[in-house]
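*Asks:* Residue numbers (my numbering), protein chains in the order written: chain A, 1 to 320; chain B, 1001 to 1328.
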Amino acid sequence: MTAISPATLLELYESMVTMKLWDQTALRLLQEGRVLAGYHSGRGQEAIPAGGVAPLRRDDYLMYAHRGFGYTIAKGMSLAAMFGDLMANTAGATGGLGAGIPHFADPELGILGQGGTLGSCFGIATGAAFSAKYRGTDQVVVCFFGDGTANRGAFHESVNAAAAWKLPVVWICENNGYAVSVPVAESTAGRIVDRAAGYGMPGVRIDGMDVTEVYRATSEAVDRARAGEGPTLIEAMCHRFRGHYEGDPQVYRTEEETERLLALDPITNLEARLVADGIATDERLGELEVRVQDTIDRAVEEASSAPMPGPERLYEGLYV
Amino acid sequence: MSQATATRTLTFSQAIREALREEMERDERVFVWGEDVAVYGGIYGATAGLLEQFGPGRVIDTPISETMIVGAAVGAAITGLRPVAELQSSGYFGIAMDELYHKAARWRYMHGGVFTVPLVIRLPEGAKGAGPEHDVSPEALFLSASGAYVVIPSDPADALGLMKSAIRDDNPVLFFEHAGLYAYRGEVPGGDHLVPLGEAAVKREGSDVTVIAWSRMVGESLRAAEQLEGEGIDVEVVDPRGLRPLDLDTILESVAKTGRVVIAHEAPKTGGAGGEVAAIIAEEALEYLESPIIRVASADVPIPQSRYLQQFLIPTAASVTEAVRRLD
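What follows is the structure, encoded as structure tokens:
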């Protein structure tokens, strides 16, 4: 197993801290009534978008999931644009269409967007991977989805075709144990990772709370895809700390369960490791957090100054 | 190779194939995929010979997976390619409806216009003796799919010219082809024959009655017009050649001239696009109407698999003739 350099570990840490502070800031804006959107907190699952996007090149493609905005943060999306979409104003990446469900996209960064009907990511990821192969580039697609989404029929059609055609895709399933309120054991036969064998591609189940495991598994899968060796399925076992959405009463699990999860925090665990291994000091990590929060605050400020769209916005961008 | 210089006679199916061939020669981003489109050449022969000319990289047999066929075409379109995807029957719309309605039509809009989705979905439609699921003409389902164009040729020249324009257009195009027309022959102009999207054709000029018809019903309406000419009724046949963009100017101009309207399509009357066209005419041109609008369409029953029974259901030239005679 290849070692991850201290510099990369620090980058992964900063990436996760950005996601956590973004989440805190979004929740604060939500409480202040400044967010015109639903929000699915990604708290607890930061290791997967951080470790799963870091191995990508700028021109690689990203199909992201709806939990938190970590994927697009890691791919380099403008923070102000994402805040603008939360506030539904014209600073948003969509230019004022907002983010009931996020539809951020940035073709320059390979961010291909997101569908609100979960599972539609699969077909689009297969098509983008086909496109890369057709055009003779060595671009790779990473497609994130939850354990619940894995049960949509589009999974079979698209994962099968991508495997049959040896397309450069990495399928990353975030298994946090619940499809909204329904436990995986009640809704899903067998293990999701075992489906890989049925499609004749490698599959690996990893600890999705450990960013180094996610980074390693994704790097290997990306290398294989780039080399023309086809897709891989990664099942990253993880936990979400908050409800499915803000306001979720979480009647399907106990408070004790959610409190126990906090000991598994991927960020505090990496922090302890960085300090114990002498890669960083508490002081340095504290400074990093202050710097990241400052960047986020400036992005909020920038986004806040933009006007709301007028009714004419409804008619823009539909046809070419 | 390349375009024919002179007028030629082609079947509707050959015209589709020529359009695909010419556009694939012109633009290497154009590719074709669907079920049985490569080695087999498409169950209606519309992709025959393309595999031999362009190879397996650009003419691709897919699994029987319509959700993927359309969804992945969207993924290819937003990353720089220009897919032409075939659903073997438009009756499979339900298997790919999320991808057609929410993804192909709306991916550009919902992401703030940062993408274009230049794709064509070929949708063979219409009665052919295969039964309630395969024989549908579901174009009206997409009236509310704003973001997608709906294009419907009625003869080989339009099939070629509209397909070439659809492939070159940066909007997603749902391209309906009546299965009963594939073997129908017609003259096709030579050269780079392009028919603009959203431009209706007056297929026959007349002064007494406007028949608005599309797909197979255009030919039926032209036959009806010939018969009615003998009875002293001068029928104008307007083919909108699709539902979006809809050429209202040509339709309303004809209505203003004749004051009488029959709308003919093969889909059942209830929920058919004739209702929308009639509503627009009522809103925009009621003062010109000298008689109530009549719709010619199938009855509101599933299309049976029996060809024998289909003859009592599917509208024909006689249905149009009878409707025109009923006008005041």
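Cβ atoms here follow ideal geometry from the backbone N, Cα and C, with glycine treated the same way.
Tell me, to the nearest whole angstrom, how far the beta carbon of A/Ala125 is from that of A/Val169; I am working on the premise that it is less than 8 Å.
*Replies:* 6 Å between Cβ atoms; contact.
*Asks:* Give the straight-line distance between the Cα atoms of A/Arg273 and B/Glu1099, rounded to the nearest whole angstrom.
*Replies:* A/Arg273 and B/Glu1099: Cα-Cα distance of roughly 45 Å.
*Asks:* Whose C-beta lies closer than 6 Å to the C-beta of A/Ser15 among residues of the same chain, with five residues either side of it excluded?
*Replies:* Hits under 6 Å: Ala50, Ala74.
*Asks:* Going straight from the alpha carbon of A/Asp265 to that of A/Val159, what length do you get?
*Replies:* Computed Cα separation, rounded: 31 Å.
*Asks:* Give me the DSSP bridge partner(s) of A/Gly203.
*Replies:* In DSSP, A/Gly203 forms a bridge with A/Leu233.
*Asks:* What does a CB cutoff of less than 6 Å around A/Thr90 pick up in its chain, not counting 5 residues either side in sequence?
*Replies:* Only Gly96, Ala306, Pro307, Pro309 meet the Cβ criterion.
*Asks:* Which residues bound the beta strand (DSSP E) around B/Ile1212?
*Replies:* Note, B/Ile1212: beta strand (DSSP E), 1209-1213.
*Asks:* Looking at the secondary structure, which residues open and close the alpha helix (DSSP H) in which A/Leu62 lies?
*Replies:* Counting along the chain, A/Leu62 falls outside any alpha helix (DSSP H), though it belongs to the beta strand (DSSP E) covering 61-63.
*Asks:* Tell me, please, which residues DSSP counts as bridged to B/Arg1295.
*Replies:* According to DSSP, which records beta bridges pairwise, B/Arg1295 is partnered with B/Ile1263.
*Asks:* Answer with buried or exposed for B/Ala1183, where buried requires no fewer than 16 other C-beta atoms within 10 angstroms of its C-beta.
*Replies:* Exposed, since its Cβ has fewer than 16 Cβ neighbours within 10 Å.
*Asks:* Taking B/Glu1205 and B/Glu1236 to be in contact with their CB atoms under 8 Å, please state how far apart those CB atoms are, rounded to whole angstroms.
*Replies:* About 6 Å separates the two Cβ atoms, so the contact holds.
*Asks:* Just the C-alpha distance for B/Pro1083 and A/Gln250, rounded to the nearest angstrom, thanks.
*Replies:* Each residue's alpha carbon lies about 44 Å from the other.
*Asks:* Based on the DSSP output, what are the partners of A/Tyr178 in its beta bridges?
*Replies:* A/Tyr178 pairs with A/Pro183.
*Asks:* If you compare alpha carbons, which of A/Ser5, A/Val17, A/Trp22 is closest to A/Asp297?
*Replies:* Nearest of A/Ser5, A/Val17, A/Trp22 to A/Asp297, Cα basis: A/Trp22.
*Asks:* On the premise that B/His1178 lies in contact with B/Arg1342, defined as a C-beta separation below 8 Å, what is that separation, rounded to the nearest angstrom?
*Replies:* Nothing can be reported for residue 1342 of chain B, as the shown portion of chain B is limited to 1001 through 1328.
*Asks:* Let me know if B/Ile1064 comes out buried or exposed under the rule of 16 or more other beta-carbons within 10 Å of its beta-carbon.
*Replies:* Classification of B/Ile1064: exposed, given that the 10 Å Cβ count is below 16.
*Asks:* Whose C-alpha, out of B/Asp1239, B/Ser1221, B/Val1188, is nearest the C-alpha of B/Ala1004?
*Replies:* Per the Cα distances, B/Val1188.
*Asks:* Using a Cβ distance threshold of 8 Å, determine whether the region 1047-1054 of chain B contacts the region 1019-1027 of chain B, with at least three qualifying pairs required.
*Replies:* Segments in contact, yes.
*Asks:* Who are the neighbours of A/Pro107 on chain B, taking C-beta pairs under 7 Å?
*Replies:* In chain order: Val1114, Phe1115.
*Asks:* Say whether chain A places a C-beta atom closer than 8 Å to the C-beta of B/Ile1078.
*Replies:* For B/Ile1078, the answer is yes, since a Cβ of chain A falls inside 8 Å of its Cβ.
*Asks:* Relative to chain A, which residues along the region 1020-1031 of chain B have a C-beta separation below 9 Å, given in chain order?
*Replies:* Listed by position, the residues of the region 1020-1031 of chain B near chain A (Cβ gap below 9 Å) are Arg1029, Phe1031.
*Asks:* Under 9 Å Cβ-Cβ, which residues of chain B neighbour A/Ser322?
*Replies:* Examination of residue 322 of chain A is not possible in this model, given that chain A is present from 1 through 320 alone.
*Asks:* Should B/Lys1103 be flagged as near chain A, meaning a C-beta pair shorter than 8 Å?
*Replies:* Yes - at least one Cβ of chain A is within 8 Å of the one on B/Lys1103.
*Asks:* Looking at the structure shown, is A/Val121 part of a helix, part of a strand, or coil, going by DSSP?
*Replies:* The sequence shown places Cys at residue 121 of chain A, not Val. If DSSP states are grouped into helix, strand and coil, A/Cys121 belongs with the helices.
*Asks:* Tell me the residue span of the alpha helix (DSSP H) that contains B/Arg1307.
*Replies:* Segment 1307-1310, the alpha helix (DSSP H) holding B/Arg1307.
*Asks:* Determine whether the beta carbon atoms of B/Ser1291 and B/Leu1313 lie at a separation below 8 Å.
*Replies:* In this structure, B/Leu1313 does not lie closer than 8 Å to B/Ser1291 by Cβ.
*Asks:* A/Gly123: which of A/Ala93, A/Thr94, A/Ala154, A/Gly116 sits nearest, CA to CA?
*Replies:* It is A/Ala154 whose Cα lies nearest to the Cα of A/Gly123.
*Asks:* Relative to chain B, which residues along the region 128-140 of chain A have a C-beta separation below 8 Å, given in chain order?
*Replies:* Answer in chain order: Ala128, Ala129, Phe130, Ser131, Ala132, Tyr134, Arg135.
*Asks:* If you measure from the beta carbon of A/Tyr215 to each beta carbon in chain B, is any gap under 8 Å?
*Replies:* By this cut-off, A/Tyr215 is not an interface position.
*Asks:* If you draw a straight line from the alpha carbon of B/Leu1252 to that of B/Trp1107, how long is it in whole angstroms?
*Replies:* C-alpha separation (whole angstroms): 33 Å.
*Asks:* For B/Ile1332, which of B/Val1151, B/Thr1250, B/Leu1010 has the nearest alpha-carbon?
*Replies:* Only positions 1001 to 1328 of chain B appear in the structure, and residue 1332 of chain B is not among them; the question remains open.
*Asks:* Report the residue from B/Ala1318, B/Gly1186, B/Gly1131 whose alpha carbon sits nearest the alpha carbon of B/Gln1227.
*Replies:* Ranking the options by Cα distance to B/Gln1227, first place goes to B/Ala1318.
*Asks:* Beta-carbon within less than 6 Å of B/Phe1093's beta-carbon, same chain only, minus the 5 sequence neighbours each way: which residues are those?
*Replies:* Cβ within range, chain order: Pro1138.
*Asks:* Report yes if the C-beta distance between B/Leu1081 and B/Arg1026 is below 8 Å; otherwise report no.
*Replies:* No, Cβ-Cβ distance for B/Leu1081 and B/Arg1026 is not below 8 Å.
*Asks:* Kindly confirm or deny that the region 108-116 of chain A and the region 23-30 of chain A touch, where touching means at least three C-beta pairs closer than 8 Å.
*Replies:* No, the region 108-116 of chain A does not touch the region 23-30 of chain A.
*Asks:* Would you mind working out which of B/Ala1130, B/Asn1171, B/Phe1176 sits nearest B/Leu1141, comparing C-alpha positions?
*Replies:* Measuring from the Cα of B/Leu1141, the nearest candidate turns out to be B/Phe1176.
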